[in-house]
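Numbering (this note's numbering), first residue to last: 307 to 555.
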């Protein structure tokens, strides 16, 4: 009888129940994966650039609304993440980054399934970077200057000098699109997603003439045909249009 009980306590590996540790304690516990959070207000073209990239990448990101009218972006907890108090801001665990181009590159490099939107080839990546800088250094500021005049200066019309400046930006974009199907080559890239968010908003302020900018008009149609365009850009763009109309005389 004693022998029987001893045999029952032996496992197939020869361990006795007394020598086997609690197996639950040696099984690795799954690491809880935190979903990145995007603090956003889709009225903003910059936010929509990131929304487009998120949809294109198929990344699971939690959207956290930021009420700009209620000054959510000026609250201490937000300023701790982003002292520039801008949208969008991405929080991924203990890491926070702002500026839509930086956010989109980060998400692509960390979560992207391949390098199609942001090529690993140095020359191809340099072209995408240049187009991103073109957006952040020329197109976006020129559009932003008009928005600032409406919101902060009480302007009721778009001044000729600001309209002309933005139109010169359109001319540069047209030049790029005369060379390739998309802004950085023959394939869709992060640059297209950033620039369409800006250009679709700029078009509300200074309409893009199709006869003067045929390549840009054709490219806009391609971007509007993306399966995620409506949700990621048009919804917020409609809010932007409403805001602009409320300010113009």
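Even glycine gets a Cβ: it sits at the ideal position worked out from N, Cα and C.
Since the structure is predicted, the reported quantities are computational estimates derived from the model, not experimental observations.
Element boundaries [beta strand (DSSP E), containing residue i]
i	result
residue 556	Since the displayed the chain opens at 307 and closes at 555, residue 556 lies outside it and no answer follows.
residue 581	Absent from the structure is residue 581, since the part of the chain shown begins at 307 and ends at 555.
residue 403	401 to 404
residue 349	Note, residue 349: premise wrong, no beta strand (DSSP E); not H, not E.
residue 370	368 to 371
Contacts around residue i, its chain only, beta-carbon distance under 6 Å, and the 5 residues preceding and following it disregarded
i	result
residue 350	393
residue 511	452, 464
residue 495	423, 434
residue 327	In this prediction, residue 327 scores a pLDDT of 41, lower than 50, which makes its location untrustworthy; the coordinate-derived value is nonetheless stated afterwards. Same-chain partners within the cutoff: there are none.
Nearest-angstrom Cα separation, counted from residue j out to residue i
i	j	result
residue 538	residue 467	31 Å
residue 451	residue 522	22 Å
residue 347	residue 382	18 Å
residue 474	residue 497	19 Å
residue 265	residue 345	The question about residue 265 has no answer, for the chain in this structure spans 307 to 555.
residue 454	residue 409	24 Å
residue 418	residue 372	26 Å
residue 385	residue 342	18 Å
residue 515	residue 469	13 Å
residue 422	residue 362	10 Å
residue 333	residue 533	Confidence in residue 333 is poor, its pLDDT being 48 and thus under 50, which makes the residue's placement unreliable; the coordinate value appears in the next sentence. Rounded to the nearest angstrom, the two C-alpha atoms are 43 Å apart.
residue 439	residue 492	19 Å
residue 339	residue 405	24 Å
residue 442	residue 540	20 Å
residue 486	residue 524	12 Å
residue 553	residue 545	13 Å
residue 550	residue 354	17 Å
residue 547	residue 398	31 Å
residue 411	residue 459	34 Å
residue 489	residue 536	20 Å
Closer than 9 Å to chain D by CB, residue i
i	result
residue 435	This model lacks chain D altogether; it includes just one protein chain.
Proximal residues to residue i (C-beta, below 8 Å), its chain only, five neighbours per side dropped
i	result
residue 330	The predicted position of residue 330 is uncertain, since its pLDDT is 38 and thus under 50; a value taken from the coordinates is nonetheless stated next. Correct list: empty, nothing qualifies.
residue 402	387, 388, 395, 396
residue 429	none
residue 425	431, 434, 495
residue 555	462, 463
residue 407	355, 438, 441, 442, 496, 500
Where the alpha helix (DSSP H) containing residue i begins and where it ends
i	result
residue 383	382 to 387
residue 474	466 to 483
residue 548	541 to 553
residue 455	446 to 457
residue 507	496 to 511
residue 527	520 to 530
residue 429	428 to 440
8 Å contact criterion, which residue i and residue j should meet: CB distance rounded
i	j	result
residue 448	residue 413	Incorrect: roughly 26 Å between the Cβ atoms, too far for contact.
residue 508	residue 358	16 Å between Cβ atoms; not a contact.
residue 505	residue 445	7 Å
residue 391	residue 375	So it is not a contact: roughly 14 Å between Cβ atoms.
residue 360	residue 370	Not confirmed; about 13 Å, so no contact.
Near the ligand FAD: residue i beta-carbon under 8 Å from a heavy atom
i	result
residue 476	Among the ligands in the structure shown, none appear at all, so the ligand FAD cannot be discussed.
Same chain, Cβ closer than 7 Å to residue i, neighbours up to 5 away in sequence not counted
i	result
residue 476	514, 519, 522
residue 365	413, 417
residue 484	521
residue 529	498, 502, 535
*Is the segment 479 to 491 close to the segment 510 to 524, with three or more CB pairs under 8 Å?*
yes
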